[in-house]
Amino acid sequence: MKFATPHVLWLCLLLPLLGWFLWRAVRQRQQALTQFISCHLLDSLTVGFSPARQKLRSYLLLGAAFFIILAAARPQWGFHWEEVKQRGLDIIVAIDTSKSMLAEDIKPNRLERAKLAAMDLMQQSKSDRLGLVTFAGTAFLQCPLTLDEGAFRQSINALDVNIMPQGGTALAEAIDATRKAFTNAGDSHKVLIIFTDGEDHEEGSLEAAQAAAQDGVKIFTVGIGSPEGEVLRVTDGAGRREPMKDDAGKVIVSKLNEGLLQQLAKAGGGFYLHLTGARTMDVLYEKGLAPLPRSEHSARVIKQFYERYHWPLAVALLLLVIEALLPARGAAGKVKLTDAKSVAAMLLLFLAWPAMGDTGSPALAKQHYDRGRYKAARDEYQRLLVKKPEDARLHYNLGAAAYQAGDFETAVKSFSAATASPENLALQQNAYYNGGNALYRLGEGASDMKAKKENWQSATNQYALAMRLNSKDSEAQHNYEFVKKQLEELEKQQQEQKQDQQSDQDKDKQDKQDKQDKQDQQKQDQSKQQQDQQKKNQQQSKSEQDKQKEEQQKQEQQKKEQEQAQKQQEQKKQADQQQANKDKSGDKKDKPEDKQAAQQAQAVAMQMSPEQVKQLLEASKVEERPLIFVPPESETKPRKPTGTFKNW
């Protein structure tokens, strides 16, 4: 149990004062009676008067006062978890913490004024997520994007010129660190606000700003300082403030570089402001940040406690009624029967009041809705509409309860009925807006692409009508653009599906054609194989016939050779006989060379055929020619060296 406004309980200290006041009032009444009425008449005039009943009435008043104070403190017990969502921007604040920010040309100094300006921006950006980038010679993300104002304020207060280990001013690194910080920003509009004097000691800041703009980061620059500049002073160990000097011993004068900051803002799609006066951040937010579209993001999950103030309030009312009905007189000091009946009737009335008030009432339906019992609230509003079917407010509330319960069809019908309220334009505009939300959710859950597209197109029409009634409704504008983008993506998906289906059909046709071609090719291959087999068989039969013919020819040739050999043998025998006869009858003897040649010829003749003998004789004539050795032409001419000539 807890109290929403516990400070009201301090009023309980006034209860003793109220008791003293009631007691004093009774005493003064008694004194007045004794003063103006004689003693012998006082008893007869105060017959039936009960001092105890008077005290009871005082106690009832004190009790009623206590319970009224208790109800004003708003007691709460029981809770449910509820996710709180906000619509806003994602803003990174980059603050220069180089030593040039110690210049006092703007009081108290540039860094302190930058911190105060960042605090003012935080007050303007209640629904925006804020982050902090600190930079000098290098940069880092000191506070990620958050809705926690305490964390952002603590990070701002911790800024100092000694927080960065490296001196100088690197605007390019600050922009790059911001781009990395926006990696988890989602679809939110990204904004970078740079607080600096513009003294950039490194190159590449303009290129970094252009790259950030391509990533969707809008850059605003806030110049701190004066163009005339100021001598930088630092505090030494003895507490004395002395001017800073460079390596050449010259005093350093830091000046505001407005030209560079204007170029950075132009490259980042924003604008430049010079920090002067108390309304600089107001101008920045109104002209630069407020027109940008917001995105919805979850803030946090909180405990939502149930209000119980009506119970102590009911007890207080009951006590007051009893005190009012309790008479000061009674027969013989007793309460009259009629008074007792009246008190009993009032008690029964107050005891039955919660149940009577909760039966079929808008209060009960709203109570169900506030406690998260959306289905019960929807049913209660439906029962109420039976009695008042023309009440546009009941239709609207029914649509809200049905939407929260996930019954989007009922929500669409109820919001559509609520738009028929021309006398209440605000209700009509909200009905159009929420009707668009219900139609979008209904289309989101549809499995059929056609139904999804129809519901989303109807949702855009509802948003357009809502914007027509209220042109400043940024949420309706945002939802209209979002659903329109979803419709474009849906159409792309449908086109891709059609192309895929067409490609699948073409693929099926191609597969069928390939299959048919393959079958035809197989048939052709089979017929070709058959033809090749037939040709092969024919060639085999032909080769067998050729072999038979060759064998026959060989046999005939062998037979002829045998016949020729027989003839040669017969001729040889005849020649031998003739030669023998010549030897016997010859006058002189042959030379040994002739005899030897004759023997060789005879031996060769015995082994060779006549044709071979003839060829051998012709070859012997050629061999008798004198042979002259002539070296080849390649050896007579000197050779040319190849490759790299070497003399070793």
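Numbers 6 to 653, taken from our numbering, label the letters of the sequence shown in order. Glycine included, C-beta positions come from ideal geometry on N, C-alpha and C. As the structure is a prediction and not an experimental result, all values here were calculated from the model.
With respect to residue 250, residue 256 sits close: the two C-beta atoms are nearer than 8 Å. Closest in alpha carbon position to residue 298, among 151, 511, 133, 525, is 133. With fewer than 16 other CB atoms across the displayed protein chains lying within 10 angstroms of its CB, residue 19 is exposed. Using a C-beta cut-off of 8 Å, the stretch 139 to 156 makes no contact with the stretch 225 to 245, since fewer than three inter-stretch Cβ pairs fall below that distance. Cβ-Cβ distances below 6 Å link residue 246 to 238, 240 in the same chain, with the five nearest sequence neighbours on each side left out; the list follows chain order.
Less than 8 Å separates the beta-carbon of residue 199 from that of residue 224. Taken in chain order, the complete beta strand (DSSP E) segments of 3 residues or longer contained in the stretch 240 to 281 are 246 to 248, 277 to 279.
Beta-carbon to beta-carbon, residue 266 and residue 203 are separated by about 5 Å, close enough to satisfy the 8 Å threshold.
Residue pairing from DSSP places residue 144 in a beta bridge opposite 140. Residue state for residue 296 is assigned as coil, using DSSP reduced to three classes. For the pair of segments examined, the stretch 473 to 488 was found to touch the stretch 428 to 443: the number of CB pairs separated by less than 8 Å reaches three. Pairwise C-beta distances place the stretch 99 to 110 in contact with the stretch 135 to 145, as three or more of them are shorter than 8 Å. No residue range can be given for residue 110, since it is assigned to no beta strand (DSSP E) and is classified by DSSP as neither H nor E. Checking the DSSP bridge columns, you'll see residue 81 partnered with 7, 312. In terms of CA proximity to residue 489, 462 leads the group 473, 499, 462, 467.
With a cut-off of 8 Å on Cβ pairs, the stretch 121 to 128 is in contact with the stretch 280 to 294, counting three or more such pairs.
Contact annotation, residue 432 with residue 468: C-beta distance approximately 17 Å; criterion of less than 8 Å not satisfied. Boundaries of the beta strand (DSSP E) around residue 99: 95 to 101.
From the listed residues 292, 167, 310, the smallest Cα separation to residue 80 is found for 310.
In the DSSP assignment, the residues bridged to residue 135 are 96, 151.
Residue pairing of residue 228 in beta bridges, as defined by DSSP: 201, 279. With a threshold of 16 other beta carbon atoms within 10 Å, residue 540 falls short and is exposed.
In this structure residue 183 touches residue 99 by the C-beta definition: roughly 6 Å separates them, less than 8 Å. Burial check for residue 195: the Cβ neighbour count within 10 Å reaches 16 or more, so the residue is buried.
Nearest to residue 28 by alpha-carbon distance, out of 549, 569, 60, is 60. Residue environment analysis places residue 210 among the buried positions, since at least 16 neighbouring C-beta atoms fall within 10 angstroms of its C-beta. Across the structure, residue 507 and residue 434 are spaced so that their CA atoms are roughly 44 Å apart. Counting along the chain, residue 13 sits inside no alpha helix (DSSP H), nor does DSSP assign it H or E at all.
The beta carbon of residue 465 sits closer than 8 Å to those of 441, 485, 488, 489, 492, all from its chain and outside the five residues before and after it, given in chain order. Sixteen is the threshold: since fewer than 16 other Cβ atoms of the shown chains lie within 10 Å of the Cβ of residue 64, the residue is exposed. Note: residue 222 is bridge-paired with 195 in the DSSP secondary-structure output. Taking all protein chains shown into account, residue 118 has 16 or more neighbouring C-beta atoms within 10 Å of its C-beta and is therefore buried. Between residue 147 and residue 214, the alpha-carbon positions lie close to 20 Å from each other. When DSSP reads this structure, residue 417 sits in no beta bridge, so it has no partner.
Rounded to whole angstroms, the separation of the alpha carbons of residue 212 and residue 429 is 54 Å. Rounded to the nearest angstrom, the Cβ distance from residue 261 to residue 230 is 4 Å, consistent with a contact under 8 Å.
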